[in-house]
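Position one of the sequence shown corresponds to residue 1 (UniProt numbering), numbered consecutively onward. Cβ atoms here follow ideal geometry from the backbone N, Cα and C, with glycine treated the same way.
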Amino acid sequence: MSSAPPMTSTPSTSSTAPTTSAAAAKTTAGAIKRMEDLLHALGRGDLKTLCVIAGPAMKKAEAEGVGSCEKAFTGMLSMISAKQKSALRTATVDPAKVATHGGKVEVPASAIRASVTFTEAELGDTVLEYQGDNWYVVD
Numbered sequence: 001m002s003s004a005p006p007m008t009s010t011p012s013t014s015s016t017a018p019t020t021s022a023a024a025a026k027t028t029a030g031a032i033k034r035m036e037d038l039l040h041a042l043g044r045g046d047l048k049t050l051c052v053i054a055g056p057a058m059k060k061a062e063a064e065g066v067g068s069c070e071k072a073f074t075g076m077l078s079m080i081s082a083k084q085k086s087a088l089r090t091a092t093v094d095p096a097k098v099a100t101h102g103g104k105v106e107v108p109a110s111a112i113r114a115s116v117t118f119t120e121a122e123l124g125d126t127v128l129e130y131q132g133d134n135w136y137v138v139d
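Quick look at the structure:
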């Protein structure tokens with residue numbers, strides 16, 4: 001996921017545990033499910049879940065000066081309208097538009113099915129990789 005501008009609003013940061021799937025299968029379907037978990041968390045403003053799933057990519061971004069994962073996602077959330085957030089809560093991924101390259105799964109913004117359309121500029125293309133026992137955003 002791409003970098004976000006500085007924070008301009010504060011999202012919900014509930015103290016509940018992340019609502020991600022248990023360890024996902026090391027399959028493209030498992031990566032798609034994990035991506036859907038990410039989209040739903042984005043719709044809820046669930047920073048904890050976002051930072052777990054996007055951890056590897058956000059560590060790279062932080063090293064490049066973007067700031068903490070929470071700060072980056074807070075900035076991204078400030079650019080998403082209430083209507084878009086609502087749509088993300090039930091968004092799905094079109095498997096036909098997902099590509100697999102050398103153990104990584106690329107989900108283009110055009111693969112996101114929601115009640116509103118998202119562009120690459122709004123969400124960016126997402127690359128997931130299986131690490132340990134689950135899929136994580138790496139780019």
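Problem set entry | Contact between the region 38-56 and the region 67-75 (3+ Cβ pairs under 8 Å) | Contact between the region 38-56 and the region 67-75 is established, with three or more Cβ pairs separated by less than 8 Å.
Problem set entry | Beta-carbon gap between residue 87 and residue 114 smaller than 9 Å | The answer is yes: Cβ separation under 9 Å.
Exercise. Distance, Cα to Cα, residue 146 vs residue 25?
Worked result: Outside the modelled stretch of the chain, which goes from 1 to 139, sits residue 146, for which no answer is possible.
Exercise. Is the distance from the Cβ of residue 31 to the Cβ of residue 105 below 9 Å?
Worked result: Residue 105 sits close to residue 31, with the two beta carbons spaced by under 9 Å.
Problem set entry | Proximity below 9 Å, CB of residue 57 to CB of residue 139 | Judged by beta-carbon spacing, residue 139 lies within the 9 Å limit of residue 57, meaning their Cβ atoms are closer than that value.
Exercise. What is the C-beta distance between residue 36 and residue 91, in whole angstroms, given that I count them as a contact (C-beta under 8 Å)?
Worked result: The beta-carbon distance between residue 36 and residue 91, rounded to whole angstroms, is 7 Å. This is short enough to meet the 8 Å contact definition.
Exercise. How would you label residue 49, buried or exposed, when you count the other beta carbons within 10 angstroms and need 16 or more for buried?
Worked result: So residue 49 counts as buried.
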